[in-house]
Amino acid sequence: MSGIYIHIPFCKQACHYCDFHFSTSTKKKSELVEMLCKELELRKDEIGQTIQTVYFGGGTPSLLNSEELDSIFKTIFEYYEVSKDAEITLEANPDDLSEEVIKVLDKSPVNRLSIGVQSFFGADLKLMNRAHNAQEALASLQLARRYFDNISIDLIYGIPGQSNEQWKENLKIALELDIPHISSYALTVEPKTALEKFIEKGKVKPVNDEQYREQFDILVNALTSNGFEHYEFSNYGKPGYHSQNNMAYWLGKSYLGIGPSAHSYDGSSRKWNISNNALYIKSLEQDKIPQQTEKLSVTDSYNEFVMTRLRTKFGVCASDIQEKFGEKYRGHFLKESEKFLKDGLIKKTENTFHITSEGKFLSDGIAAELFYID
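The numbers in the working numbering rise by one with no breaks, and the one at position 177 of the sequence shown is 1232.
Right, dumping it as structure tokens:
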């Protein structure tokens, strides 16, 4: 099983918290789509397995018109073997999802929408500089539900000025809309973003760790008591609606990353494309793929395995460590995990280690403590 990730690096406007690669100018959109197709063709032999997931991320993939989307799909189906039941996801912003656009997507191979709602409150959306308003968020979901069954939404907690009651209301609205998958992230202050500058200048008051933790607990309780499985730290799905694309990442499956800044993984090395639209286009026009490669050491692979598995419902199996990386790494993991078992942050079931509910909010820090340092 393999996947294809396609990065669409265009947005209508810059969100104040975002540090992804994108451009607010769409002048080169048609040229870039042409080069995405060329990259797909040039890299057709890198993955010999059936494609089980295709994911359009960004940026804002819902800015693609029907001809551009058709062109990319035509290339994928011409050069890759795509499973008949492949999960094909397109990220979309609420303000793009008119009925006309949703009908186009409904007729395309896209069978899953991931909608960047972030909040149902206007003040939150304004603070984050989202392109949509609260009314558009609701309307887009009501419309999307008429055409798509498999829908995910993003919701952000830990927004400055957002009370716990407002956060509960956000979750209540999502549950009432019967959305089957929710990805929820804490609002992090990334370097060189507008949000960081606002906080530095005192225009926005930073959120403290206590509020993050309270809202995370509210999130977990609200969703798990309403039929969602908390199957990865930031992801919650009803049975049958877990993201196959994300699961592939966490389980270490290979995937091809197409487009500027996109990353690829083949099980032993990572590749990443240049984060510059003009240089990306120029290179592909010359049939060159503008990317760098990093060969992963055994230690790198072990550390990634621990980090990703601890975040998921699967946990870390000690015998898997033995099989994949050897006794040295298994022994290290067992020794370092003892303190977390003692403190109740990790639990052990037979040969598999899971983060407990008390440890979930600390999972990345716990994983870092279990890393092997050469």
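For every residue, glycine included, the Cβ atom is placed at its ideal position computed from N, Cα and C.
{"query": "Residue environment, I1428, which counts as buried when at least 16 other CB atoms sit within 10 Å", "result": "exposed"}
{"query": "Reduced DSSP category for H1187 - H, G, I as helix; E, B as strand; rest coil", "result": "coil"}
{"query": "Buried or exposed (CB count within 10 angstroms, at least 16 for buried), F1408", "result": "buried"}
{"query": "Distance, S1195 Cα to G1177 Cα", "result": "15 Å"}
{"query": "Inter-residue spacing [alpha-carbon to alpha-carbon] between E1142 and I1206", "result": "12 Å"}
{"query": "CA-to-CA distance, K1083 to T1105, given in whole angstroms", "result": "31 Å"}
{"query": "The stretch 1362-1376 / the stretch 1414-1427 touching (three or more Cβ pairs under 8 Å)", "result": "yes"}
{"query": "Inter-stretch contact at 8 Å, needing at least 3 Cβ pairs: the stretch 1299-1306 / the stretch 1085-1101", "result": "no"}
{"query": "N1205, DSSP secondary structure in three states", "result": "coil"}
{"query": "Unbroken stretches of the beta strand (DSSP E), 3 residues or longer, contained in the stretch 1325-1369", "result": "1346-1350"}
{"query": "Residues of its chain near P1149, where Cβ-Cβ distance is below 8 Å and the 5 sequence neighbours each way are ignored", "result": "I1170, G1171, V1172, H1187, E1191, A1192, A1194, S1195 and L1196"}
{"query": "Exposed unless 16 or more other CB atoms sit within 10 angstroms - verdict on E1265", "result": "exposed"}
{"query": "Y1433 to K1403 span [Cα, whole Å]", "result": "The shown model of the chain, from 1056 to 1429, leaves out residue 1433, and the question about it has no answer."}
{"query": "K1139: first and last residue of the uninterrupted beta strand (DSSP E) it sits in", "result": "V1137 to A1147"}
{"query": "DSSP-derived helix/strand/coil call for F1288", "result": "coil"}
{"query": "Distance between D1209 and S1218 (C-alpha atoms, nearest Å)", "result": "18 Å"}
{"query": "Whole-angstrom distance between E1269 and S1117, CA atom to CA atom", "result": "33 Å"}
{"query": "Exposure of N1358, with buried meaning 16 or more beta-carbon neighbours within 10 Å", "result": "buried"}
{"query": "Whole-Å CB distance - V1353 paired with A1422, under 8 Å assumed", "result": "Not confirmed; about 17 Å, so no contact."}
{"query": "Closest Cα partner of E1154 within the set S1289, L1198, S1238 and S1163", "result": "L1198"}
{"query": "Opposing strand residues paired with S1239 [DSSP bridges]", "result": "L1210"}
{"query": "Cβ neighbours of P1315 in the same chain (closer than 7 Å, five flanking residues each side left out)", "result": "H1062, P1064, H1076, N1328, I1329, S1330, N1331, N1332 and Y1335"}
{"query": "Three-way DSSP call (helix, strand, coil) for T1130 in this model", "result": "helix"}
{"query": "For E1284 and G1292, believed in contact at Cβ under 8 Å, the rounded distance", "result": "6 Å"}
{"query": "Unbroken beta strand (DSSP E) run spanning Y1296, endpoints", "result": "Premise fails: Y1296 is in no beta strand (DSSP E) and is neither H nor E."}
{"query": "Beta-bridge pairing of C1092 - partner residues as DSSP gives them", "result": "Paired residue(s): none; C1092 is not in a bridge."}
{"query": "Contact set for L1274: own chain, Cβ-Cβ below 7 Å, skip 5 residues either direction", "result": "Y1212, L1226 and S1239"}
{"query": "Closest by C-alpha distance to R1200, when choosing among T1279, N1166, D1272 and H1318", "result": "N1166"}
{"query": "For I1059, the residue or residues it bridges with in DSSP", "result": "V1109 and L1311"}
{"query": "Option in A1373, I1131 and A1147 with minimal Cα separation from G1113", "result": "A1147"}
{"query": "Residue interval of the beta strand (DSSP E) (run including R1167)", "result": "R1167 to Q1173"}
{"query": "Nearest to E1086 (by Cα), restricted to the options S1126, E1101, K1099 and F1111", "result": "S1126"}
{"query": "Residue closest to Q1221, alpha-carbon to alpha-carbon, out of D1204, D1233, I1157 and S1174", "result": "S1174"}
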